[in-house]
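Below you'll find the structure, written out as structure tokens, and then a few comments.
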Amino acid sequence: MDIKGFLSNLKMKAPQVDISGGRSVNQFAVNLPTSTPNITEIKNRASGSVDLNFEAPSMVEGQPTVFGMGGSGNFMEGQVKFPEELQVYGAPASQQFGQGLTVDQLRAYLGIPITENTSLNIQGQINPYYFDPVDGTPLGKEKNIGANIEYRF
Numbered sequence: 317m318d319i320k321g322f323l324s325n326l327k328m329k330a331p332q333v334d335i336s337g338g339r340s341v342n343q344f345a346v347n348l349p350t351s352t353p354n355i356t357e358i359k360n361r362a363s364g365s366v367d368l369n370f371e372a373p374s375m376v377e378g379q380p381t382v383f384g385m386g387g388s389g390n391f392m393e394g395q396v397k398f399p400e401e402l403q404v405y406g407a408p409a410s411q412q413f414g415q416g417l418t419v420d421q422l423r424a425y426l427g428i429p430i431t432e433n434t435s436l437n438i439q440g441q442i443n444p445y446y447f448d449p450v451d452g453t454p455l456g457k458e459k460n461i462g463a464n465i466e467y468r469f
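At position 43 of the sequence shown the residue is numbered 359 (the working numbering), and the sequence of numbers has no breaks.
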């Protein structure tokens with residue numbers, strides 16, 4: 317099969333998209349000698365993943381080659397607003413926090429039928445922003461590549 321024939325038989329499945337998030341606004345009272353003003357904290361958060369999956373013809377009748385790719389990430393930004401009563405003590409009018417958009421994981425896979433009952437599966441992923449689960453120290457990239465041979469009885 318030539319490349320044109322391969323591409324004409326390529327089938328994309330419906331993308332899998334899972335995104336959720338929210339906005340929170342919290343107020344915290346601060347006791348001062350003259351009043352009890354509120355500090356306002358605003359957070360915007362979202363997280364999700366997007367995956368694309370494909371099927372292509374293979375050399376085994378009725379067993380397509382499958383492959384796909386995807387990624388997941390987070391978004392978080394926020395702001396703390398300080399009232400004028402605290403600004404006279406040196407507090408700023410507001411302070412921004414959060415990392416914005418971060419990519420948690422990029423992944424890909426390939427499943428190749430070898431016979432009617434046997435397939436070779438290869439998968440890989442990279443976590444660009446891997447953090448130590450104990451103290452949160454950035455550790456750099458975490459990469460995983462794996463493969464298995466599947467035999468169906």
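For every residue, glycine included, the Cβ atom is placed at its ideal position computed from N, Cα and C.
Predicted model, so just to flag it, every value in this text is computed and none were measured.
Handout entry: Beta-carbon spacing of Asp334, Ser365 below 8 Å
Key = Result yes, Cβ atoms of Asp334 and Ser365 sit closer than 8 Å.
Exercise for the section: Give the C-beta separation of Gly384 and Phe370 to the nearest angstrom, bearing in mind that I take them to be a contact with Cβ-Cβ under 8 Å. Expected result: About 6 Å separates the two Cβ atoms, so the contact holds.
Problem - DSSP three-state assignment for Lys329, whether helix, strand or coil - result: Note: Lys329 maps to coil in three-state DSSP.
Problem - For Asn354, the nearest candidate out of Leu422, Ile461 and Val396 (CA to CA) - result: Minimum Cα distance to Asn354 is reached at Val396.
Practice task
Kindly give me the distance between the Cβ atoms of Asn390 and Ser363, rounded to whole angstroms, as I take these residues to be in contact under 8 Å.
Solution key: The pair is a contact, with the Cβ atoms about 5 Å apart (cut-off 8 Å).
Exercise for the section: Could you name the residues that DSSP lists as bridge partners for Ala463? Expected result: By DSSP's assignment, Ala463 forms a beta bridge with Ile438.
Practice task
Could you tell me whether the region 393-409 touches the region 429-436, using the rule of 3 or more Cβ pairs below 8 Å?
Solution key: The region 393-409 vs the region 429-436: no contact.
Problem - Cβ-Cβ distance between Gly416 and Gly394 below 8 Å - result: Contact: no.
Exercise for the section: Under 8 Å Cβ to Cβ from Phe322, same chain only, skipping five residues before and after it: list those, please. Expected result: Cβ neighbours of Phe322 beyond the five flanking positions: Ala372 and Pro373.
Problem - Nearest-angstrom Cα separation, counted from Arg361 out to Ser336 - result: So the two alpha carbons sit approximately 8 Å from each other.
Exercise for the section: Kindly provide the ranges of any beta strand (DSSP E) runs that are 3 or more residues long and lie completely inside the region 404-433, ordered along the chain. Expected result: For the region 404-433, whole beta strand (DSSP E) runs of length 3 or above, ordered along the chain, are 410-429.
Problem - For Asp334, the residue or residues it bridges with in DSSP - result: Looking at the DSSP assignment, Asp334 forms a beta bridge with Ser365.
Exercise for the section: Would you mind working out which of Ala345, Lys457, Gln441 and Val376 sits nearest Arg423, comparing C-alpha positions? Expected result: Shortest Cα-Cα distance from Arg423 to any of Ala345, Lys457, Gln441 and Val376 involves Gln441.
Handout entry: Host alpha helix (DSSP H) of Ser324 (start-end)
Key = DSSP places Ser324 in the uninterrupted alpha helix (DSSP H) bounded by Ile319 to Ser324.
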